[in-house]
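**Q** Attaching a single structure in structure tokens format; questions to follow.
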Amino acid sequence: MTPGNELLFLALGGSGEIGMNVNLYGTQGKWLMVDCGITFGDANYPGVDVILPDLQFIEERLDDLLGIVLTHGHEDHIGALPYFAADLGVPLYATPFTAGLIYGKLEEEGITDKVELNIVKEDGPFTVGPFTMTYTPLAHSIPEGNAILIETPYGKVFHTGDWKLDESPALGGASTAAELTAIGDQGVLALVCDSTNVFNPEASGSEIDVRKGLDEVVAAIKGRVLVTTFASNAARLQTLGEVAEDTGRQLCVAGRSLDRIIRVAKATGYLRDFPETIDFDTAMRLPPNQVMIVATGGQGEPRAALNRIAEDTHTLKLHAGDTVVFSSRQIPGNEIAIGKIMNTLAGKGVEIITDRQAFVHVSGHPGRPELAEMYRWIRPEIILPVHGEVRHMHEQARFAKEQGIRQAITQVNGDIWRLAPGKPRQVGQAHAGRLVLDGDVILPADGTTINERRRIALYGQISVAVAIQGGRLKGAPQIRVQGVPVEEDRDAFLEDAAGAAAEAVKKDGRDVEKLRESLRLAVRRAAVRFTGKKPVVDVLIVEL
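Residue numbers (the UniProt record's numbering): 1 to 544.
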């Protein structure tokens, strides 16, 4: 579909899920992309850490794509750029801090010379084809969180990105109520809005209150304290630097992603008062009550610093009497991984404090009171919820109409909506799926490789090899088993499976293709008799 004299909206990620945000706006034959993020793997994707959006729809229309505009620097908004930016071949537009994070990613991939990265200040409009955009600062948990006011021939869109209301943000500024009201006074066709915390009845809270909470918690701890938070939460890093100084502790930072965020933040004018950090050896030599460690891994990531510390495979160590503070919320789906780390720490006698025990975290997304304020300031004709699961987006649509917004669009990835002219309506359906980064290879998330891996993970795998000559078995069938529950009966099972394979050769040995299927079924039936499971069976036939 090529957009005509109209304004189209299409999400290829982030609508119907939290993470992996990709949004497209189309008008007068051209498309503009807002954000290009990732999400992270879970048990449904064995061996996969990173999940990418499938951009097939726009890859088939590259001549019509003008550029990618980034709202802020979180992974679910910029994380896919290293994998797609060079092939998409269009300019990127970002504010200085976000551009610094993007440049680092492009540099790691060795593609800085293949991607045009434009740094845009938050002080005026810029134009890309028929789209004129203005960054509008909003508070979030990372510097330079921005909404984008997108002006088109068919109306203005206020695309919020991730946001919250905070009168005392730790880093950067935020637009005032008067400034946002002035935008609404100009007339806004559509508010495309973050839905993450729509079920929260209270406002998210201020970072300055987190500092007070953390001060109280850390001051009361007698031993070594480790605080884990999202690496990209530079506002929280600022707070933790202040807490270390408030409580007379020296600061140690553990995690490559934390080092990168601190470096980029300082280079772009943030974290200027961040205290000097100490190295790991110094941290371990100092008295425990003089040290505060900030570490990655609060979501249970197996290779992050916190997990390695918990498993005693890191230079930094925790002992009985020490404390770990989780200054972050659990992302849905990570509960098991986080619980595993917590159990390991508890087994060492380490105390654990989360936001359930103390005021050590505030979200970077708006609760219902904040959403209501935004509606009152912007006064859009249409609300278009994004950045949420289906239940979040439907609830925001309902809540917005309750607050007086007349029209609400509830869409999911792949739905193409015409916002103007006329009444908004769905006008098409695009392919929208997932890809996985498996090692260094990008694959379909539900393609052959991942489906095979799921089957092997669920059922196990058996290899059977036979040699035949003139349709007769030569030697004994060879059976190898992986992940099939036959520990106590392994020898008996191997004997039974080999016998079943030999019988299959007797029956179908003169027809190799028929024999291949007969061997597979015979060995699998043996596995079912012993285990009740139907493993994947691979067959090798050697003709002598």
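Beta carbons are placed, not taken as given, at the ideal position from N, Cα and C, and that holds for glycine.
(1) Just verifying my parser: in three-state terms, what is the DSSP assignment at tyrosine 375?
(2) Return the bridge partner residues of proline 137 from the DSSP annotation.
(3) Is the closest heavy atom of the ligand COA to the C-beta of isoleucine 18 under 7 Å?
(4) Which class does glutamate 370 belong to by DSSP, given the choice of helix, strand or coil?
(5) Compare the Cα-Cα distances from glycine 388 to each of Gln407, Leu7, Ala11 and Val188 and report the closest residue.
(6) Using the rule of at least 16 other Cβ atoms within 10 Å of the residue's Cβ for burial, across every protein chain shown, is threonine 127 buried or exposed?
(7) So, using beta-carbon positions, are valine 243 and valine 218 closer together than 8 Å?
(8) Out of Ser175, Ala231, Arg529 and Asp508, which has the shortest C-alpha to C-alpha gap to aspartate 489?
(9) Kindly give me the distance between the Cβ atoms of glycine 298 and phenylalanine 280, rounded to whole angstroms, as I take these residues to be in contact under 8 Å.
(10) How about leucine 519 and valine 484: do their beta carbons lie closer than 8 Å?
(11) How big is the Cα-Cα spacing for aspartate 312 and glycine 347?
(12) Report the residue ranges of all alpha helix (DSSP H) runs contained in full by the segment 155-197; include only those spanning at least 4 residues, in chain order.
(13) Count the other CB atoms, across all protein chains shown, that sit within 10 Å of the CB of threonine 160; report buried if there are 16 or more and exposed otherwise.
(14) Rounding to the nearest angstrom, what Cα-Cα distance links glutamine 469 and isoleucine 111 in this structure?
(15) In terms of DSSP beta bridges, what is tyrosine 25 paired with?
(16) Runs of 3 residues minimum, wholly inside the segment 290-321: which ones carry the beta strand (DSSP E) assignment?
(17) So is serine 15 buried or exposed if we call it buried at 16+ other beta carbons inside 10 Å?
(18) Determine which residues share a DSSP beta bridge with lysine 474 and list them.
(19) Taking the alpha-carbon positions, what's the leucine 65 to isoleucine 38 distance?
(20) Taking 8 Å as the threshold, find out whether the segment 317-325 comes into contact with the segment 220-227 through three or more Cβ pairs.
(21) Going by the DSSP bridge assignment, what does asparagine 343 pair with across the sheet?
**A** Looking at the coordinates:
(1) Residue mapping note: residue 375 aligns to position 375 of the sequence shown, counting from 1. Tyrosine 375 falls in the helix class under three-state DSSP.
(2) Reading the sequence shown from its first residue, position 137 is the one you call residue 137. Bridge partners of proline 137: Asn146.
(3) For the structure depicted, the ligand COA is absent and the ligand set is empty, with no information on it obtainable.
(4) Residue mapping note: residue 370 aligns to position 370 of the sequence shown, counting from 1. Here glutamate 370 sits in helix by DSSP.
(5) Within the sequence shown, residue 388 is the residue found at index 388, counting from 1. Cα-wise, what sits closest to glycine 388 is Ala11.
(6) The residue labelled residue 127 in the question sits at position 127 within the sequence shown. Threonine 127 comes out exposed.
(7) Stepping through the sequence shown from its first residue, residue 243 is reached at position 243. Stepping through the sequence shown from its first residue, residue 218 is reached at position 218. Yes, these two residues count as a Cβ contact at 8 Å.
(8) By one-based count along the sequence shown, residue 489 stands at place 489. Checking every option, the nearest Cα to that of aspartate 489 belongs to Arg529.
(9) Taking the first residue of the sequence shown as 1, we reach residue 298 at position 298. Taking the first residue of the sequence shown as 1, we reach residue 280 at position 280. So it is not a contact: roughly 19 Å between Cβ atoms.
(10) Here residue 519 refers to the residue found at position 519 of the sequence shown. Here residue 484 refers to the residue found at position 484 of the sequence shown. Valine 484 is positioned such that its CB atom lies no closer than 8 Å to that of leucine 519.
(11) Against the sequence shown, residue 312 aligns to sequence position 312. Against the sequence shown, residue 347 aligns to sequence position 347. One alpha carbon belongs to aspartate 312, the other to glycine 347, and they sit about 12 Å apart.
(12) Every alpha helix (DSSP H) stretch that sits fully inside the segment 155-197 and reaches 4 residues is listed by chain position as 177-185.
(13) As a first step, residue 160 is located in the sequence shown; it is residue number 160 there, counting from the start. Label assigned to threonine 160: buried.
(14) Counting from 1 along the sequence shown, the entry for residue 469 is found at position 469. Counting from 1 along the sequence shown, the entry for residue 111 is found at position 111. Distance between the alpha carbons of glutamine 469 and isoleucine 111 is about 55 Å.
(15) Translated into positions along the sequence shown, residue 25 becomes position 25. According to DSSP, tyrosine 25 bridges with Phe9 and Leu32.
(16) Within the segment 290-321, the complete beta strand (DSSP E) segments of 3 residues or longer fall at 291-295, listed in chain order.
(17) Here residue 15 is taken as the residue at index 15 of the sequence shown, counted from 1. Classification for serine 15: buried.
(18) Along the sequence shown, read from residue 1 onward, the residue named residue 474 stands at position 474. Paired residues: Ala467.
(19) Locating residue 65 in the sequence shown gives position 65, where the first residue counts as 1. Locating residue 38 in the sequence shown gives position 38, where the first residue counts as 1. Rounded to the nearest whole angstrom, the CA to CA distance from leucine 65 to isoleucine 38 is 20 Å.
(20) When C-beta atoms of the segment 317-325 are compared with those of the segment 220-227, three or more pairs fall below 8 Å, so the two segments count as touching.
(21) Indexing the sequence shown from 1 puts residue 343 at position 343. When DSSP reads this structure, asparagine 343 sits in no beta bridge, so it has no partner.
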